[in-house]
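Numbering of the sequence shown is given in the UniProt record's numbering, commencing with residue 1 and proceeding in unit increments.
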Amino acid sequence: MDHHWLPRGEHLAGNIVYMLTITAPSSGAAKRTVVLSARVHPGESGGSWAMQGFLDFILSAAPDAQLLRQLFVFKVVPMLNPDGVVVGNSRCSLAGRDPNRAYRTGSRGSFPAIWHLLLVERDVVLYCDFHGHSRKNNVFMYGCDGGRDGSETRFQERIFPLMLSKNAPDKFSFSSCKFKVQKSKEGTGRVVMWRMGIANSYTLEVAFGGSTLAALIALCPMGPWRGGRAPVDRRDKVPEWHLASCS
Ligand SMILES: [Zn+2]
């Protein structure tokens, strides 16, 4: 792992923004890049917990982590808005503006961390910005939708979140994911990176309210997941969408 930081003084309060580079030495073909960031919204500490979990995993000796390091270069900014975190803001930077509506205009003076993030090399296979959601439950993603032209890649943006839901069915809710580009979200990292050609461009939401999926899985009559099989008299309480996805 290697790291560098943005020049001191570029941020209004001079707090350091670290960018970590995580990969394995390679002698072969050039690797594609995965860009991950968190805490652009200072109050969303759940995003930091998810980022901590990711870093613990990707730096571990787990076989999957080793394979990922061999295949990709991970550029990680664990805290994009330290000024806002230090002063206890909810969504704003010290400039009093929401940095996750500023990726399109990306001025270096107002949002230096974002300006630098956009300079990361262009061969990016996946971009994901970690947030916390204050009203919903579970972990889910917002993606974009490039599928209105009927092309073969119609559902490409949905594949990675669907895989996540299959691998972490007790935490990640595919049915809570949305794939849209709303006018009000055009300045978000997710939409701007997608428009720069990164199909796998996501906002990850880690709900403050925790998971409701583990309880549903415990009720699932089609187990065997962690909760095993539900008692026969409770099977009618399992929602249709869950039965459809728990095969
Ligand atoms: Zn947020």
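Here a beta-carbon is modelled for each residue, glycine too, at the ideal position from N, C-alpha and C.
Within 8 Å, strictly: CB atoms of residue i and residue j
i: residue 27; j: residue 77; result: no
i: residue 17; j: residue 80; result: yes
i: residue 123; j: residue 32; result: yes
i: residue 206; j: residue 132; result: yes
i: residue 213; j: residue 171; result: yes
i: residue 200; j: residue 160; result: yes
i: residue 15; j: residue 86; result: yes
i: residue 203; j: residue 163; result: no
i: residue 188; j: residue 103; result: yes
i: residue 91; j: residue 43; result: yes
i: residue 53; j: residue 208; result: no
i: residue 191; j: residue 181; result: yes
i: residue 94; j: residue 13; result: yes
i: residue 59; j: residue 1; result: yes
i: residue 69; j: residue 23; result: yes
Those residues which DSSP pairs with residue i across a bridge
i: residue 38; result: 130
i: residue 32; result: 72
i: residue 253; result: The structure shown does not extend to residue 253, since the chain is modelled only from 1 to 247, so the question has no answer here.
i: residue 178; result: 142
Integer-rounded CB distance, given that residue j should sit under 8 Å from residue i
i: residue 174; j: residue 145; result: Contact doesn't hold; Cβ gap of about 15 Å is too wide.
i: residue 74; j: residue 65; result: With a Cβ gap of about 10 Å, residue 74 and residue 65 do not count as contacting.
i: residue 72; j: residue 34; result: 5 Å
Original post:
When a residue counts only if its C-beta is closer than 7 Å to some heavy atom of ligand 1, which residues count, in chain order?
Top reply: 40, 41, 44, 91, 100, 131, 132
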